[in-house]
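Counting from 1, position 241 in the sequence shown corresponds to residue 241 in our numbering; the numbering is continuous, with no gaps. Using N, Cα and C, we set each Cβ at its ideal position, and we do this for glycine too.
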Amino acid sequence: MSATIIDGKAYAAGLRGRIAGAVADLGRQGIRPGLAVVLVGEDPASQIYVRSKARLTVEVGMASFEHVLPATASEAELLALVARLNADPTVDGILVQLPLPKQIDAQKVIEAIDPAKDVDGFHPVNAGRLMTGVPGFVSCTPLGCLLLIQSVRRDLAGLDAVVIGRSNIVGKPMAQLLLAQSCTVTVAHSRTRDLPEVCRRADILVAAVGRPEMVRGGWIKPGAVVIDVGINRVPDPAAGEGRTRIVGDVAYGEAAAVASAITPVPGGVGPMTIACLLRNTLEAACRRRG
Ligand code: GUN
1 MSATIIDGKA
11 YAAGLRGRIA
21 GAVADLGRQG
31 IRPGLAVVLV
41 GEDPASQIYV
51 RSKARLTVEV
61 GMASFEHVLP
71 ATASEAELLA
81 LVARLNADPT
91 VDGILVQLPL
101 PKQIDAQKVI
111 EAIDPAKDVD
121 GFHPVNAGRL
131 MTGVPGFVSC
141 TPLGCLLLIQ
151 SVRRDLAGLD
161 AVVIGRSNIV
171 GKPMAQLLLA
181 QSCTVTVAHS
191 RTRDLPEVCR
201 RADILVAAVG
211 RPEMVRGGWI
221 KPGAVVIDVG
231 INRVPDPAAG
241 EGRTRIVGDV
251 AYGEAAAVAS
261 AITPVPGGVG
271 PMTIACLLRN
281 TLEAACRRRG
């Protein structure tokens, strides 16, 4: 079997195009959705994320507000900025880029964001809404994963889904989304016994562990849909001394020989995260001002 390659880059571009159309419609009513992104410090990976978020926000026609605080900023300073953004009527969505410096309690900051502007879906109110089946904001990466799964399997009811990873940002909300689609969900993690055997039961396998190529071809049920959330930089001696390449949590070549559909890394889940952030921001604008 040769798997369908799920083209997240193309799907995300299409989604952003549909969002741009909806933003243009809102513009005719005098509404311009706005997304505020807060970066604390100078982490290079975070700077890249924030820059591409800002570029794509503007590309779909929304207003982008960037706030950069020094790495030495206090928790009180960041909480004061969040309070200002909560009160600002031109801001529909607020995203505080993680990780935050050690002196700042990230959970306290997340809980300070108005749940109606929490387009990351990290606030406990939104996490609770997802768990109880009430409309709210869903964390962008798992939401993107679900859209990609549904692009190849419409009806997920009754399927066995295995999510590897139990983070608040990916694993737990992913499990809730699949449960809401009536999958039978197993959440596996670092203490799971016989992980390969657990994975072999999965019709839908989502890997979000951050361990390069951990999931092998022999762990995959023939015909499964495999979603690889991992973005891991590894040495690439074939490309030359000191060179690196990006791989996922799944051994792609082995897995693609067994699965029915699989996301590549890069170009799979990654591009969906920002597209879903823009989708959440559009929804926040419609709910607040529509
Ligand atoms: N850091 C890495 N990914 C994310 C994300 O999706 N949201 C936020 N706020 N920080 C991140």
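Less than 8 Å separating the beta-carbons of residue i and residue j?
i, j, result
"residue 230", "residue 242", "no"
"residue 317", "residue 255", "The question about residue 317 has no answer, for the chain in this structure spans 1 to 290."
"residue 272", "residue 8", "yes"
"residue 269", "residue 140", "no"
"residue 15", "residue 95", "no"
"residue 274", "residue 53", "yes"
"residue 305", "residue 262", "The requested residue 305 is not part of the displayed model; the chain covers only 1 to 290."
"residue 317", "residue 218", "Residue 317 cannot be examined here, being either before or after the span of the chain that is shown, 1 to 290."
Which residues in the same chain have their Cβ closer than 8 Å to the Cβ of residue i, if we skip the five residues on either side of it in sequence?
i, result
"residue 167", "208"
"residue 115", "123, 125, 126, 136, 137"
How about residue i: is its Cβ closer than 7 Å to a heavy atom in the ligand GUN?
i, result
"residue 95", "yes"
"residue 276", "no"
"residue 105", "no"
"residue 98", "yes"
"residue 160", "no"
"residue 120", "yes"
"residue 273", "yes"
"residue 140", "yes"
What residue range is occupied by the uninterrupted alpha helix (DSSP H) comprising residue i?
i, result
"residue 44", "44–59"
"residue 23", "8–28"
"residue 152", "140–152"
"residue 132", "124–132"
"residue 198", "195–199"
At which residues does the beta strand (DSSP E) containing residue i begin and terminate?
i, result
"residue 232", "232–235"
"residue 66", "63–69"
In its own chain, which residues sit with a C-beta less than 6 Å from the C-beta of residue i, not counting the 5 before and 5 after it?
i, result
"residue 164", "188, 207, 209"
"residue 161", "178, 183, 185, 204"
"residue 280", "119, 137"
"residue 37", "50, 53, 66, 95"
Going along the chain, which residues of its own chain have a beta-carbon closer than 7 Å to the beta-carbon of residue i, five neighbours each way excluded?
i, result
"residue 120", "95, 139, 140"
"residue 233", "244, 246"
"residue 109", "78, 79, 82, 96, 100"
"residue 192", "198"
Considering only DSSP beta bridges, list what residue i is partnered with.
i, result
"residue 160", "184"
"residue 111", "DSSP, once it has assigned bridges, lists no residue as partnering residue 111."
"residue 247", "232"
"residue 82", "None; residue 82 has no bridge partner."
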